[in-house]
Amino acid sequence: MPTAPERRRGPRGSTVATAIATVVLLLAGCGGMWAASATARANMFPGAPLEEVAAELGTQLDATGDSWTDDLVPEFAGQFTDAGSRPGAGDAAALDALGVTRRTEITVAPGRANGDLIDKDRPADVSDAYLATTLALPDGSSTVLNAQGLFVRAFYYDGVDQPEQSRAGEDPTAVAPWALGSLAASGAQSSVVAENESCTDPMQAMVALSTVARTTGTLASPCALDGSAVTVAAGLDAATLAASFPVLGDYSALPQIPVLPGDPEDVGLVQYRFTAGDQSLIAVLVGTQDLGWAFVGIAGAQS
Amino acid sequence: MKGGAKTIWAGAGAIALAIAGAFTAITWPHEVATGAVAEVPGIVTAQPPLIPERDASGDDERQSIWDGMNQAMLAKDRDAFLSHTTGEATTQLATWWDGTSTIGWDVAAISPWDDYTVILGAQLAFAAHPERGSGADDAGLQLIQGFYYDVEWDGELISSITPYTEPMPWDEGPLYAARSEHVVLFGAADEQALVDANLAQAEASAQMALNEVHKLGGDVPMDGFVAAITDDSSRLSRWQFGAGQQWDMDVAGFAMPTYRPPSSAPWLDPRIATGDASSGTIVAVGPLSADQRSETFTHEFLHALHLTAAPTSESQPSVAVMEGFAEWATADSGAGEFSYLRPDVKDAVARSGTGAFSDDALRASDAWLGYGAAGSVYGFVQASGGDAWRLAVDAQRSGADLFTVAQTQNPALTPDAWQAWVAAQ
Numbered sequence: 000m001p002t003a004p005e006r007r008r009g010p011r012g013s014t015v016a017t018a019i020a021t022v023v024l025l026l027a028g029c030g031g032m033w034a035a036s037a038t039a040r041a042n043m044f045p046g047a048p049l050e051e052v053a054a055e056l057g058t059q060l061d062a063t064g065d066s067w068t069d070d071l072v073p074e075f076a077g078q079f080t081d082a083g084s085r086p087g088a089g090d091a092a093a094l095d096a097l098g099v100t101r102r103t104e105i106t107v108a109p110g111r112a113n114g115d116l117i118d119k120d121r122p123a124d125v126s127d128a129y130l131a132t133t134l135a136l137p138d139g140s141s142t143v144l145n146a147q148g149l150f151v152r153a154f155y156y157d158g159v160d161q162p163e164q165s166r167a168g169e170d171p172t173a174v175a176p177w178a179l180g181s182l183a184a185s186g187a188q189s190s191v192v193a194e195n196e197s198c199t200d201p202m203q204a205m206v207a208l209s210t211v212a213r214t215t216g217t218l219a220s221p222c223a224l225d226g227s228a229v230t231v232a233a234g235l236d237a238a239t240l241a242a243s244f245p246v247l248g249d250y251s252a253l254p255q256i257p258v259l260p261g262d263p264e265d266v267g268l269v270q271y272r273f274t275a276g277d278q279s280l281i282a283v284l285v286g287t288q289d290l291g292w293a294f295v296g297i298a299g300a301q302s
Numbered sequence: 000m001k002g003g004a005k006t007i008w009a010g011a012g013a014i015a016l017a018i019a020g021a022f023t024a025i026t027w028p029h030e031v032a033t034g035a036v037a038e039v040p041g042i043v044t045a046q047p048p049l050i051p052e053r054d055a056s057g058d059d060e061r062q063s064i065w066d067g068m069n070q071a072m073l074a075k076d077r078d079a080f081l082s083h084t085t086g087e088a089t090t091q092l093a094t095w096w097d098g099t100s101t102i103g104w105d106v107a108a109i110s111p112w113d114d115y116t117v118i119l120g121a122q123l124a125f126a127a128h129p130e131r132g133s134g135a136d137d138a139g140l141q142l143i144q145g146f147y148y149d150v151e152w153d154g155e156l157i158s159s160i161t162p163y164t165e166p167m168p169w170d171e172g173p174l175y176a177a178r179s180e181h182v183v184l185f186g187a188a189d190e191q192a193l194v195d196a197n198l199a200q201a202e203a204s205a206q207m208a209l210n211e212v213h214k215l216g217g218d219v220p221m222d223g224f225v226a227a228i229t230d231d232s233s234r235l236s237r238w239q240f241g242a243g244q245q246w247d248m249d250v251a252g253f254a255m256p257t258y259r260p261p262s263s264a265p266w267l268d269p270r271i272a273t274g275d276a277s278s279g280t281i282v283a284v285g286p287l288s289a290d291q292r293s294e295t296f297t298h299e300f301l302h303a304l305h306l307t308a309a310p311t312s313e314s315q316p317s318v319a320v321m322e323g324f325a326e327w328a329t330a331d332s333g334a335g336e337f338s339y340l341r342p343d344v345k346d347a348v349a350r351s352g353t354g355a356f357s358d359d360a361l362r363a364s365d366a367w368l369g370y371g372a373a374g375s376v377y378g379f380v381q382a383s384g385g386d387a388w389r390l391a392v393d394a395q396r397s398g399a400d401l402f403t404v405a406q407t408q409n410p411a412l413t414p415d416a417w418q419a420w421v422a423a424q
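Chains A and B are the protein sequences, given in the same order. One point on numbering: in numbering that gives the first Met the number 0, the residue at position 14 of the first sequence is 13, and numbering is uninterrupted. One point on numbering: in numbering that gives the first Met the number 0, the residue at position 54 of the second sequence is 53, and numbering is uninterrupted.
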């Protein structure tokens with residue numbers, strides 16, 4: 000009996016299956032390659048990861064030297080260095096001389112594309128930053144200076160030396176490492192206890208100290224940490240300072256060493272430059288827990 | 000699978016891989032160079048200033064004028080000072096500048112009381128200098144001898160400035176001054192001979208006054224005086240009263256407290272003392288002192304020392320506090336006689352008690368009786384073991400009457416005991 004002719008298994012069915020498989024393979028391959036390229040793209044940007052940059056900046060701010068400026072946008076860093084200052088500390092040498100220890104911690108939110116919370120196609124070019132510098136005072140009290148700001152990284156496209164925000168779907172020709180681009184004081188938390196309710200303004204505390212020095216020849220102030228004598232750093236003589244302390248009045252102004260951008264009550268730490276006789280000095284005042292101010296002390300100016 | 004099918008599958012796979020490879024080759028990121036760290040436009044758009052900016056909203060609308068005039072005075076720049084004036088004010092302030100400069104000063108200030116009144120003055124020679132650390136409110140500050148002036152404006156320039164009450168010699172015309180160790184004696188330029196002729200006597204009286212207060216235990220941070228002299232009674236009257244009501248008593252001389260700027264201001268150097276206390280004393284003697292220069296100079300210089308130790312303020316003590324001390328201390332210094340030894344004074348004390356030195360009595364035509372009576376209180380306190388200098392200073396500062404203050408030293412220092420003491424002299 001002749002065999003029944005096989006049902007024609009056609010090249011037609013085989014072709015369809017092959018086409019489908021090809022498309023599947025194609026999509027899988029391209030998708031995989033796309034994902035791989037995206038990962039590669041993200042990892043190919045120069046510089047350390049954002050979290051590492053933030054942590055390193057905190058470490059450098061607490062150390063001696065100016066390495067911390069490497070992690071700041073130059074224009075922003077210049078505002079501090081021009082004034083002999085560093086973020087969260089102002090004149091760090093003055094704090095050191097007065098026995099104040101510092102510990103700075105900087106945390107960041109995940110990076111994002113500026114102004115764009117939806118489009119995942121743009122690489123991150125900005126991240127919220129949170130700075131907290133804890134100052135431990137010799138009397139055992141402490142204050143935490145807080146600030147918020149932004150880490151940024153500049154993108155460069157088309158070989159042009161013009162920093163930009165990231166673009167969607169375009170490969171940059173250069174990308175800058177993450178750097179801190181801004182800060183704004185966001186309030187301090189202090190355990191320092193004020194001895195006197197009159198110490199509500201740091202400059203008025205300086206004026207009052209000037210008046211006491213002028214009239215009594217002493218460096219006494221109700222705004223001192225112990226409510227009487229203002230601490231002076233080693234190597235300074237309180238009586239000599241009192242004898243030559245500048246005469247200040249209600250309208251006097253003293254140059255300030257910047258600690259953080261913002262109003263003094265938000266910063267929580269104020270440092271005034273002044274001269275007494277031929278000595279260049281820095282008066283350091285810290286915010287108290289009841290929103291007043293207390294003298295940490297007076298130190299010689301190093302810069 | 001037959002060979003054909005295999006071929007087809009293999010071909011399809013190869014094509015897919017080729018396409019995927021091509022896609023990957025196209026989309027695989029190019030190498031990215033390290034760019035310069037920089038501000039990124041549009042990201043950091045605003046940030047609070049690193050140092051808060053000064054709020055200028057409350058500034059006086061004429062702040063630049065006051066700044067300019069005060070800086071000019073501190074720089075001793077007459078032209079810059081006068082550049083803020085026009086019309087008659089230029090002459091008026093030039094006269095002030097030249098006159099006070101003849102006496103001598105290094106520090107001066109001008110500050111508004113209101114839009115049409117200013118206080119203007121200089122720290123004249125021998126101004127008090129309370130030492131830093133002395134405990135005095137004015138320790139380490141500069142005391143200017145200021146007076147109030149009416150001002151008129153022509154835009155941003157002062158067009159007229161005239162004394163608010165009495166004119167001082169430097170407001171009236173050129174001055175001549177002569178200086179000795181403890182005195183600058185000055186007068187109108189046309190009275191140069193009078194100034195020169197009386198400088199030695201003024202110096203002698205200055206030393207007597209300084210020695211007297213030192214002897215009494217006073218520690219006053221000044222070592223000399225500024226005094227005007229004239230032989231023109233109308234000049235003396237103008238300097239003392241201006242166009243105001245004169246006293247009935249004949250005036251041989253006067254000591255007038257001077258003012259400081261009433262409050263601190265942005266244009267004032269903080270080293271210049273401000274407030275409502277007096278800042279010094281201007282002494283002037285006239286023709287009626289001609290036959291009693293020693294007593295008059297010494298009396299007025301003692302006022303100056305008293306006012307430095309206890310500046311006038313809102314306490315407003317009785318006139319007897321000042322005049323009684325100067326009257327008694329002048330005699331105690333050897334420059335005069337104890338007038339309470341005179342029968343007329345003793346009678347007045349016995350008859351009127353403390354009423355003999357009421358404020359009215361001390362400005363009446365027979366005021367010398369009141370001066371003697373008030374002076375006797377200091378003599379009584381000192382002779383009774385009290386402290387006449389302390390009495391003078393404490394009464395001036397407190398505004399309390401003489402016996403209230405005297406009895407804080409010793410309750411036995413009563414008016415009755417005083418009357419008995421005077422009667423026994």
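Cβ atoms here follow ideal geometry from the backbone N, Cα and C, with glycine treated the same way. Please read these numbers as outputs of a predicted model, since none were measured by experiment.
- In the structure shown, Thr217(A) adopts coil according to DSSP, grouped into three states.
- Segment contact: the segment 267 to 285 of chain A against the segment 239 to 254 of chain A, three or more CB-CB distances shorter than 8 Å; contact assigned.
- Under the three-state reduction of DSSP, Gln141(B) is assigned to strand.
- In chain B, no part has a C-beta under 7 Å from the C-beta of Val269(A); the shortest such distance is about 10 Å.
- Looking at the DSSP output, Arg102(A) bridges to Thr133(A).
- The straight-line gap separating the alpha-carbon atoms of Gln188(A) and Ala93(A) is approximately 21 Å.
- Contacts between Leu149(A) and chain B, judged by CB atoms closer than 7 Å, involve Ile42, Val43 in chain order.
- Unbroken alpha helix (DSSP H) runs of no fewer than 4 residues, entirely contained in the segment 65 to 102 of chain B, are found at 77 to 81, 87 to 102, following chain order.
- Taking C-beta atoms as the reference points, Leu142(B) and Ala126(B) count as a pair closer than 9 Å.
- Taking every protein chain shown into account, the CB of Tyr115(B) has fewer than 16 other CB atoms within 10 angstroms, so this residue is exposed.
- At least one beta carbon of chain B lies nearer than 9 Å to the beta carbon of Glu163(A).
- The alpha-carbon separation between Val211(A) and Asp218(B) amounts to approximately 21 Å.
- The continuous stretches of alpha helix (DSSP H) do not include Ser190(A), and DSSP gives it neither H nor E.
- By the CB criterion at 9 Å, Leu361(B) and Ala387(B) fall outside the cutoff.
- At least 9 Å separates the CB of Ser278(B) from every CB of chain A.
- Linking Thr89(B) to Ala135(B) through their CA atoms gives a straight-line distance of about 38 Å.
- By the rule that beta-carbons nearer than 9 Å mark a contact, Gln46(B) touches chain A.
- Rounded to whole angstroms, the Cβ separation of Ala334(B) and Ser293(B) is 5 Å, and the two are in contact under 8 Å.
- Boundaries of the beta strand (DSSP E) around Tyr175(B): 174 to 178.
- DSSP, reduced to helix, strand and coil, places Leu301(B) within a helical segment of the structure shown.
- Against chain B, a Cβ distance below 8 Å from Pro109(A) picks out nothing, because the smallest value is about 16 Å.
- Within the segment 54 to 70 of chain A, the residues whose Cβ lies closer than 9 Å to some Cβ of chain B are Asp69, Asp70, listed in chain order.
- Within chain A, no residue has its beta carbon less than 9 Å from that of Glu52(B); the closest one is some 10 Å off.
- In this structure, Pro256(B) lies near Leu306(B), with their beta-carbon atoms less than 9 Å apart.
- Counting along the chain, Arg350(B) sits inside the alpha helix (DSSP H) bounded by residues 342 to 351.
- DSSP lists Ser159(B) as the beta-bridge partner residues of Glu151(B).
- The segment 125 to 140 of chain A makes contact with the segment 99 to 107 of chain A; the number of CB pairs closer than 8 Å reaches 3 or more.
- By the neighbour-count criterion, in which a residue is buried when 16 or more other Cβ atoms sit within 10 angstroms of its Cβ, Gly87(A) is buried.
- Distances from the CA of Ala355(B) to each of Gly369(B), Leu81(B), Asp346(B) were compared; the closest alpha carbon is that of Gly369(B).
- With the criterion set as a beta carbon lying under 8 Å from some beta carbon of chain A, the members of the segment 234 to 268 of chain B are Ser263, Ala264, Pro265, Leu267, in sequence order.
- Taken through DSSP and simplified to helix, strand or coil, Asn145(A) comes out as strand.
- Contacts with chain B at 9 Å (Cβ-Cβ) include Asn113(A).
- Val258(A) is the residue among Asp289(A), Val258(A), Ala275(A) whose C-alpha sits nearest the C-alpha of Ala91(A).
- Under the Cβ distance rule, Ser251(A) counts among the residues neighbouring chain B, one pair being separated by less than 9 Å.
- Closest in alpha carbon position to Asp331(B), among Asp249(B), Tyr377(B), Glu202(B), Glu87(B), is Tyr377(B).
- The C-beta distance from Leu179(A) to Phe75(A) rounds to 7 Å, short enough to meet the 8 Å contact threshold.
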